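Before any comments, here is the structure.
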Amino acid sequence: MKKGLHITLELAIIFFICFLGEALARLLPFNFSASVLSMLILLLLLAVRAVRLESIKASAQFFTSNMAVLFIPYGVKVLQYVDVIRENILLFLIIVLVTTPVVYGVTALTAQLVIKLQHKEGE
2 MKKGLHITLE LAIIFFICFL GEALARLLPF NFSASVLSML ILLLLLAVRA
52 VRLESIKASA QFFTSNMAVL FIPYGVKVLQ YVDVIRENIL LFLIIVLVTT
102 PVVYGVTALT AQLVIKLQHK EGE
């Protein structure tokens, strides 16, 4: 298969999963992040092998290596609320200082669990 066509199919798979996440988020009777739903859908599809990692690997690597560019709009949005952050700086710092280690810890534990599961699967 030609490389350009392969990338196009990879992007189609990823964007279709994002579309499903958006649609599901709109159908839910409560607010939930469409991005998180999309990642959960992708995780489920990878776990049941409905989507193979190889079928989205190049596009996923591109997105991960260029992730900083994807955060620029959110960084600009934060700058619009500098006065609100300044008024609540103490609360903001407490939240950041408490949640950051929690996120790192959960991420580390998840990574260790995945490594253990992959190691068991390889035996």
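Take the sequence shown: its letter number 98 is residue 99 in our numbering, and every next letter is one higher.
Every residue, glycine too, gets a C-beta built ideally from N, C-alpha and C.
Model, not experiment: these values are computed from the prediction.
- When DSSP states are grouped into helix, strand and coil, Val107 belongs to the helix group.
- Take Ala26, set aside five residues on each side of it, and the residues of its chain with a beta-carbon closer than 6 Å to its own are Phe33, Ala35, Leu38, in chain order.
- Sixteen is the threshold: since fewer than 16 other Cβ atoms of the shown chains lie within 10 Å of the Cβ of Leu94, the residue is exposed.
- Only exposed fits Val83, as fewer than 16 other CB atoms lie within 10 angstroms of its CB.
- Judged by pairs of C-beta atoms under 8 Å, the segment 8-28 touches the segment 39-49, as three or more such pairs exist.
- Non-local beta-carbon contacts of Ser56 in its own chain, meaning distances under 8 Å to residues more than five positions away in sequence, involve Leu10, Glu11, Ile14 in chain order.
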